[in-house]
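Numbering (this note's numbering), first residue to last: 71 to 679.
This report concerns only the one structure given below.
As structure tokens, this is what we get:
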């Protein structure tokens, strides 16, 4: 998710008012559509009955106890203390936005960017307006109908007071109004990209205006909110577990884009502060589904009776998404990391080849790109089309941008590659660091020391050898484990030296990438611009990518942007694999996997429902 362009902030009426109103012409250039797609026609036509990757006759009922593999906004996989997931404050449980809240339209996960009607039955897109007609029948969990006024309140409030990762999608929303109880018109900036309407339709949740007029939207609390989606909060204990309970009055089972989804009566998430405890819970069946991210565990520890006798299924599934960016992110807001040569020097001390052989059982590939595992990744020398985007900025860019795409150093795998360590020392000297005994100091006498911040002790097996390699070249290193809530708070306020994070990219990047690396997000609390990147060339290329009118032009812009990001050495790339390694108790029906997601909680079903 990502930040936004700060073009115009409209005056908002207190708390629940609408964005500024615009006159609306009812004459549209296009007919009502059941779906939107950025490039080309949607795969599923207006008469489709369900997505091809679901079982439309899946039985309803039963429960799944799942360890989440992904989360968003203020969600925390280690603990929770609020059910308000759409603000920066507090730690919410994963799946809140996916299970408890509905949207105007939803993603088709076998396509890179198409969305289909959910609460909205149709949409008309005409220049700078999107007109949605809502279905008759959708209700909130308190039984009240979902109306256009609720949509207006939701978009207005989220734009002004929502989590930064949500606000990014609405920066170019200039107005919203309800024509009647079932018609909503969004007014977009004339400079909006062709990717904004699908994002605006599928990302912001629909919230209950009445509920939040009676309850503070900004509060981090554990009151059970009124929700618009298929689930509400059931049994729970703060910080330990939460059960999402299927609504008896769920209205979506007959809608084509929702058919075959939300089959479980209950989805339970348990919280563990470290991986060993969660793995033991999986072995005993307390957890029933687990995506494994620890290569040692996957290679050596799935040898217990439930695996051997077939009660647990262990499998590898293809992951068609861009693998995104996983690495050690430098906080360039701190003086010691402002020189890219310092950042590059530290990357020479990271011996991935040794780690992959000795810690990861050869299961990973080295990352190098912000768009790895996709066509958006830069390779080799720039093409003529890429150079056309880069040449206007030549005097603002390092020469490396115009040569072969920057790759991380490759070691001999010994864990003591002297050539790489010598290059690290040389780069520190070039960056102005001076030897002081066994360490380094800057011109003001400040020592070069680094703190790695992390929340899960499983990271220590990676950080400890990296610490020793850095200390070998004279860099002082400390490892700092903090509890989950403090870790999230320090991430939100950029209170760290180096931190590890993985971000998966969309198959068709949109406004969300502004939150990853643009100047507007650099000092926005809660943004994903962990490195604090503030570079006008990156801002300009990001605009070019977001506004690309064709997929070919999108690919060219992404590759040019990738070259500039990689040459800036804002991170030390870690590793990736283009697959999901998953294990689950053989209690579930499993449909076909869509290319762009692994929607276990929403499309699987209980065999004994």
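Yeah, the Cβ is synthetic: ideal placement off N, Cα and C, and Gly gets one too.
Keep in mind that this is a model prediction, so the values were computed, not measured.
Residue 482 versus residue 534: straight-line alpha-carbon distance, rounded | On the chain shown, residue 482 is found 412 positions in, with the first residue counted as 1. On the chain shown, residue 534 is found 464 positions in, with the first residue counted as 1. Those two C-alpha atoms are separated by around 19 Å.
Three-state secondary structure (DSSP) of residue 324 = On the chain shown, position 254 is the one that residue 324 refers to. Here residue 324 sits in coil by DSSP.
Starting from residue 175 and walking both ways along the alpha helix (DSSP H), at which residues does that stretch end?
-> Start at 1 with the first residue of the chain shown, and residue 175 comes out as number 105. Segment 175 to 177 is the beta strand (DSSP E) holding residue 175; no alpha helix (DSSP H) there.
Does DSSP put residue 626 in a helix, in a strand, or in coil?
-> The residue labelled residue 626 in the question sits at position 556 within the chain shown. Of the three classes helix, strand and coil, the one that applies to residue 626 here is helix, per DSSP.
By the 10 Å Cβ neighbour count, where 16 or more other Cβ atoms means buried, how is residue 516 classified, buried or exposed?
-> Numbered from 1 along the chain shown, position 446 holds the residue referred to as residue 516. Exposed is the call here.
Any idea what DSSP makes of residue 316, helix, strand or coil?
-> For the purposes of this step, residue 316 is identified with residue 246 of the chain shown, where counting begins at 1. Correct three-state label for residue 316: strand.
Can you name the residues that DSSP bridges to residue 549?
-> If you number the chain shown from 1, residue 549 lands on position 479. According to DSSP, which records beta bridges pairwise, residue 549 is partnered with 522.
So, is residue 653 buried or exposed, given that buried needs 16 or more other C-beta atoms within 10 angstroms?
-> On the chain shown, residue 653 is found 583 positions in, with the first residue counted as 1. Its Cβ being crowded by 16 or more others within 10 Å, residue 653 is buried.
What is the residue span of the beta strand (DSSP E) that residue 388 lies within?
-> To locate residue 388, count along the chain shown from 1; it is residue 318. Per DSSP, residue 388 belongs to the beta strand (DSSP E) from 382 to 388.
Proximal residues to residue 440 (C-beta, below 6 Å), its chain only, five neighbours per side dropped = Working through the chain shown from its first residue, we reach residue 440 at position 370. Contacts found: 395, 632 and 635.
Between the region 121 to 129 and the region 323 to 335, do at least 3 Cβ pairs fall closer than 8 Å?
-> yes
Would you say the region 127 to 135 touches the region 254 to 272, given that touching needs at least three Cβ pairs under 8 Å?
-> no
How would you call residue 75, buried or exposed, if buried means at least 16 neighbouring beta carbons within 10 angstroms?
-> Your numbering for residue 75 matches position 5 in the chain shown. Residue confidence is low: residue 75 scores 29 on pLDDT, short of 50, so the model does not pin down where it sits. Its coordinate-derived value is still stated next. So residue 75 ends up on the buried side.
What is the DSSP secondary structure of residue 191, reduced to helix, strand or coil?
-> Here residue 191 refers to the residue found at position 121 of the chain shown. Three-state result, residue 191: strand.
Figure out for me which residue from 526, 638 and 628 has the closest Cα to the Cα of residue 604.
-> Counting from 1 along the chain shown, the entry for residue 604 is found at position 534. It is 638 whose Cα lies nearest to the Cα of residue 604.
Mapping DSSP to helix, strand and coil, what is residue 503?
-> On the chain shown, position 433 is the one that residue 503 refers to. It is coil, neither helix nor strand.
By the 10 Å Cβ neighbour count, where 16 or more other Cβ atoms means buried, how is residue 91 classified, buried or exposed?
-> For the purposes of this step, residue 91 is taken as the residue at position 21 of the chain shown. Model confidence at residue 91 stands at a pLDDT of 32, short of 50, so the residue's coordinates are unreliable and nothing is read from them.
Jot down the residue ranges of each uninterrupted alpha helix (DSSP H) in the region 270 to 311, minimum 4 residues, whole runs only, in chain order.
-> 279 to 284
How would you label residue 190, buried or exposed, when you count the other beta carbons within 10 angstroms and need 16 or more for buried?
-> The sequence position of residue 190 within the chain shown is 120, counting from 1. When all chains shown are included, residue 190 counts as buried.
Segment limits, alpha helix (DSSP H) that includes residue 574 = Within the chain shown, the letter at position 504 stands for residue 574. Residue 574 -> no alpha helix (DSSP H), and no H or E assigned at all.
Do you know offhand how far residue 427's Cα is from residue 601's?
-> Taking the first residue of the chain shown as position 1, residue 427 is located at position 357. Taking the first residue of the chain shown as position 1, residue 601 is located at position 531. Distance between the alpha carbons of residue 427 and residue 601 is about 29 Å.
Just how far apart, CA to CA, sit residue 114 and residue 194?
-> Residue mapping note: residue 114 aligns to position 44 of the chain shown, counting from 1. Residue mapping note: residue 194 aligns to position 124 of the chain shown, counting from 1. Cα to Cα, the separation comes out at about 17 Å.
Fully enclosed by the region 200 to 242, which alpha helix (DSSP H) runs are 4 residues long or longer?
-> 218 to 231 and 234 to 237
Give the DSSP-derived three-state secondary structure of residue 436 in the structure shown.
-> Residue mapping note: residue 436 aligns to position 366 of the chain shown, counting from 1. Residue 436 falls in the strand class under three-state DSSP.
For residue 621, name the three-state secondary structure that DSSP assigns.
-> For the purposes of this step, residue 621 is taken as the residue at position 551 of the chain shown. Here residue 621 sits in helix by DSSP.
Check whether the Cβ atoms of residue 479 and residue 490 sit closer than 8 Å, and answer yes or no.
-> As a working mapping, residue 479 is identified with position 409 in the chain shown. As a working mapping, residue 490 is identified with position 420 in the chain shown. Contact: yes.
For residue 422, which residues of its own chain have a beta-carbon under 6 Å away from its beta-carbon, when the five flanking residues on both sides are left out?
-> Position 352 of the chain shown, counting from 1, holds the residue named residue 422. Result list for residue 422: 436, in chain order.
Excluding the 5 residues preceding and the 5 following residue 347 in the sequence, name in chain order all residues of the same chain whose CB lies nearer than 6 Å to its CB.
-> On the chain shown, position 277 is the one that residue 347 refers to. Result list for residue 347: empty, nothing under 6 Å.
Mapping DSSP to helix, strand and coil, what is residue 138?
-> Numbered from its first residue, the chain shown carries residue 138 at position 68. Three-state result, residue 138: coil.
Residue 574 versus residue 179: straight-line alpha-carbon distance, rounded = In the chain shown, the residue the question calls residue 574 occupies position 504. In the chain shown, the residue the question calls residue 179 occupies position 109. The straight-line gap from Cα to Cα measures roughly 15 Å.
Host beta strand (DSSP E) of residue 643 (start-end) = Taking the chain shown and counting its residues from 1, one reaches residue 643 at position 573. Unbroken beta strand (DSSP E) run through residue 643: 641 to 643.
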